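Comments concern the structure below.
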Amino acid sequence: MSVTVTSTSPRTQRRLTGPVRVGRPSPLLPGLTQPVADRFDDWLLRRSHQPTPLATPPPGLKPVMGDPGMPVLGYTMQNLRLGLEFMLRRYETYGPVSWMRAFGMTLVSVGGGDAVQEVLTNKDKAFSQQGWTAFIGPFFHRGLMLMDFDEHLAHRRLMQQAFTPARLAGYLDQVSAVIAARLDTWPTGPAVRVYPLLKRLTLDVAVRTFMGGNLGADRERLTKAFIATVRAGTAVVRKPVPGGRWAAGLQGRKVLEEFFRSRVAAKRAGDDDDLFAALCHARDEDGSAYTDEDVVNHMIFLMMAAHDTSTIATSAVVYFLAKYPDWQQAVRAECSGDAGVTTDLLAELSTLDMVIRESMRLVAPVHVMSRQAVKDTSILGHHIPAGTIVGMSPWLSHMLPEYWTDPLSFDPSRFGPDRREDRSHRYAWMPFGGGVHKCIGMVFGLNEIKTLVRALTQRFDWSVPATYRTPWDPVSLPIPADGLPVALTRRA
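Counting from 2, one number per residue, gives the positions in the sequence shown under my numbering.
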């Protein structure tokens, strides 16, 4: 079951005119009508500059070619407004390795499986997670994803104790209970904005499974803090100017630190079975444990990662099942029955699994990853000087025709056993990253999404107009800029 999508328009050769639409009126340009905003985006996409080398390479290596973009801004606007569409144009222009100016810094952009594999396998330890520091370091300081080498390995081994098969099974019981209770309260109607409902629900799931309770009066305050920290990473003004995103992110981080720090002692003293408690009690073979500050830093990062990425992935699934009702019916048929949720049951939902994987291909929840070269190195024979920030895009790799048949089409069958296009390259499909930093919560996340979508198909029918395309806002993580309105009806 495949739906082919037209991928170009005569005037601007825009690539994304199918089910995936990226962009929104920029907050830097308030008041623009959509036609004016579209013309502005066309102009941004057509902008070209004289290619120049990033640096003079040593013998045997090639220079990284690229250009700085517009004065002062560089390609900041293209990244914020056009996201994936700009990445595809850049890849077509320069190939898998190029450089640009954006967000006040010089970046090397890497795309395609071979180039990404060289960075993520990191055989000579030339690439550090400190590439994230320039974007999210102040807000997710010393989270697992921002750690390197031996320290990262030690912290990951401790954290793995919170993601054992036995703990994952226990979390699933809690996930299922929260989802059932929350879906019973959902409204119905012709234009229900599903994204904020999903965000609230996945936060409730994270609070219950990771913290063992509910937020009560702290809910709105902490939700705003999490949103502020995530969105701060792509602030244009990267200083704590009052009213700006950077300042809001720093304040959000302070709120989260105070919240978790005030609860560490009680978790250490108790015998709770949530993830927070697991981190507090984790010990390695030498008896080493996380410090209180380690626990706080990891909880802030894990809570963000757990509910933001799950919200985006589930929103994408809901959107595509609304666009393609035949697939919604197929998933519903597979998910019928009132059996309790177990890991074995979820493993049998092959149609749902294909739909989730295809949705995460077309809308990668984490669409950019960052590294920094800690010494002179190379990528595909291109010279990368020490100190260079390297950005990689799973979303770009997910859209390359060398790996995917009709990559702009929604076609879950490409993940079926007779095709397995995701195996065309080790890094063709990589929504959870790769290498030693591959997402530690991948199994938990997939189980949560499957449990949630299964429950949705059992309780609701939903649809969107045939011409509707939700706009995915790429400013931080890709979210439905319009809240994803669907016609939602409760099943008898």
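The beta carbon of each residue, even a glycine, is placed where N, CA and C say it ideally should be. Every value quoted in this text rests on a predicted model; they were computed, and no experiment measured them.
Spatial neighbours of residue i within its chain, please: CB distance less than 6 Å, with the 5 preceding and 5 following residues excluded, ordered by chain position.
{"i": "R246", "result": "R232, A233 and A236"}
{"i": "P28", "result": "Bear in mind that the predicted position of P28 carries a pLDDT of just 47, short of 50, making it too unreliable to give a figure here."}
{"i": "S177", "result": "V342 and T452"}
{"i": "P20", "result": "K324 and F411"}
{"i": "H383", "result": "K63, V65 and V98"}
{"i": "A229", "result": "A249, G250 and G253"}
{"i": "Q329", "result": "L322"}
{"i": "P408", "result": "M400 and P402"}
{"i": "A226", "result": "G253, V256 and L257"}
{"i": "W119", "result": "With the sequence shown as reference, residue 119 is identified as Glu, and Trp is not the correct amino acid for it. Here the set comprises I380."}
{"i": "S129", "result": "D149, Q373 and V375"}
Considering Cα atoms alone, identify which of the options is closest to residue i.
{"i": "E152", "options": "D205, A290, E349 and A38", "result": "A290"}
{"i": "D285", "options": "L216, G338, Q162 and R470", "result": "Q162"}
{"i": "R500", "options": "G434, Y404 and S410", "result": "Because the chain spans 2 through 493 in this model, residue 500 falls outside it and cannot be assessed."}
{"i": "I385", "options": "L46, Y76 and S99", "result": "S99"}
{"i": "D483", "options": "A192, G112, E335 and D293", "result": "A192"}
{"i": "S351", "options": "K451, G436 and M393", "result": "K451"}
{"i": "C281", "options": "T165, D287 and T292", "result": "T292"}
{"i": "Y428", "options": "L489, V111 and V297", "result": "V111"}
{"i": "N215", "options": "K225, T165, L202 and A226", "result": "L202"}
{"i": "L62", "options": "Q459, F164 and L381", "result": "L381"}
{"i": "S414", "options": "S360, E449 and A467", "result": "S360"}
{"i": "R102", "options": "F445, F136 and Y76", "result": "Y76"}
{"i": "F164", "options": "A387, P58, E294 and A283", "result": "A283"}
{"i": "D42", "options": "H438, T344, L81 and A135", "result": "L81"}
{"i": "A155", "options": "E119, L204, H438 and T134", "result": "H438"}
{"i": "A127", "options": "T134, R269, F150 and W133", "result": "F150"}
{"i": "V117", "options": "A348, P69, S379 and A306", "result": "S379"}
{"i": "H426", "options": "G113, D39, A56 and G244", "result": "G113"}
Under the assumption that residue i contacts residue j (Cβ atoms under 8 Å), give the Cβ distance between them as a whole number of angstroms.
{"i": "V109", "j": "V65", "result": "6 Å"}
{"i": "V391", "j": "S410", "result": "Rounded, the Cβ-Cβ distance is 30 Å, inconsistent with contact."}
{"i": "L453", "j": "V195", "result": "Not quite, the Cβ-Cβ distance comes to about 11 Å (not below 8 Å), so this is no contact."}
{"i": "F461", "j": "R492", "result": "6 Å"}
{"i": "T189", "j": "T490", "result": "6 Å"}
{"i": "L169", "j": "A456", "result": "No, L169 and A456 are not in contact; Cβ-Cβ is about 18 Å, not under 8 Å."}
{"i": "V256", "j": "V297", "result": "At roughly 12 Å, the Cβ-Cβ gap does not stay under 8 Å, so V256 and V297 are not in contact."}
{"i": "Q131", "j": "Q373", "result": "4 Å"}
{"i": "Y92", "j": "F445", "result": "Between F445 and Y92 the Cβ distance is about 32 Å, and since that is not below 8 Å, they are no contact."}
{"i": "T458", "j": "V364", "result": "Actually they are not in contact, since the Cβ atoms of T458 and V364 sit about 19 Å apart, beyond 8 Å."}
{"i": "G388", "j": "N123", "result": "Not a contact, Cβ separation roughly 16 Å."}
{"i": "F302", "j": "L145", "result": "6 Å"}
{"i": "F136", "j": "M305", "result": "No, F136 and M305 are not in contact; Cβ-Cβ is about 13 Å, not under 8 Å."}
{"i": "F260", "j": "D219", "result": "7 Å"}
Output needed for residue i: all residues of its chain with C-beta closer than 8 Å, excluding positions within five of it in sequence on either side, in chain order.
{"i": "L478", "result": "V231, D309, T310, I313, P366, V367 and H368"}
{"i": "M71", "result": "R48 and M78"}
{"i": "G434", "result": "L121, V367, M370, P395 and C440"}
{"i": "A340", "result": "L346"}
{"i": "M443", "result": "F433"}
{"i": "R22", "result": "R470, T471, P472 and W473"}
{"i": "I180", "result": "L202, V206, T452, L453 and A456"}
Which same chain residues, not among the five before or five after residue i, have their C-beta less than 7 Å away from its C-beta?
{"i": "V105", "result": "Sequence check: residue 105 is Gly here, not Val. For G105, where only same-chain residues beyond five positions count, the Cβ hits under 7 Å are R239."}
{"i": "E221", "result": "none"}
{"i": "L199", "result": "T312, T315 and S316"}
{"i": "P11", "result": "Bear in mind that a pLDDT of 29 at P11, under 50, signals an unreliable position, so the number given afterwards is only what the model happens to contain. Answer for P11: no residue qualifies."}
{"i": "Q175", "result": "R209 and T210"}
{"i": "S464", "result": "A323, P326, V487 and A488"}
{"i": "R362", "result": "H399 and W430"}
{"i": "P197", "result": "G484"}
{"i": "E449", "result": "V176, V206 and S311"}
{"i": "G96", "result": "none"}
{"i": "G138", "result": "L147"}
{"i": "C336", "result": "L350, L353, R455, T458 and Q459"}
{"i": "T224", "result": "L204"}
{"i": "P417", "result": "Position check: residue 417 holds Gly in this sequence, whereas Pro was assumed. Once the five neighbours on either side are set aside, the close Cβ partners of G417 are M355."}
Examine chain D for any beta-carbon lying closer than 9 Å to the beta-carbon of residue i, and answer yes or no.
{"i": "S49", "result": "Annotation note: the requested chain D is absent from the structure, which comprises a single protein chain."}
Return yes when at least one heavy atom of the ligand MG lies under 8 Å from the C-beta of residue i, else no.
{"i": "T490", "result": "No copy of the ligand MG appears in this structure; indeed no ligand is present at all."}
In chain order, what are the residue ranges of uninterrupted beta strand (DSSP E) at least 3 long that sit wholly in the region 121-157? none
Evaluate contact between the region 348-364 and the region 308-327, counting only Cβ atoms and requiring at least three cross-stretch pairs below 8 Å. yes
With contact counted as at least three CB pairs below 8 Å, one residue from each stretch, are the region 268-279 and the region 199-211 in contact? yes
Complete beta strand (DSSP E) runs within the region 384-430 (minimum length 3 residues, chain order): 390-393
At 3 residues or longer, what runs of the beta strand (DSSP E) sit wholly inside the region 175-201? 190-194
Length-filtered (3 minimum) beta strand (DSSP E) runs lying within the region 333-379: 370-374
Taking the runs of the alpha helix (DSSP H) that are 4 residues or longer, which of them lie wholly in the region 220-301? 220-233, 246-262, 265-270 and 276-282
Which full runs of the alpha helix (DSSP H) of 4+ residues lie inside the region 38-110, going along the chain? 77-83 and 85-95
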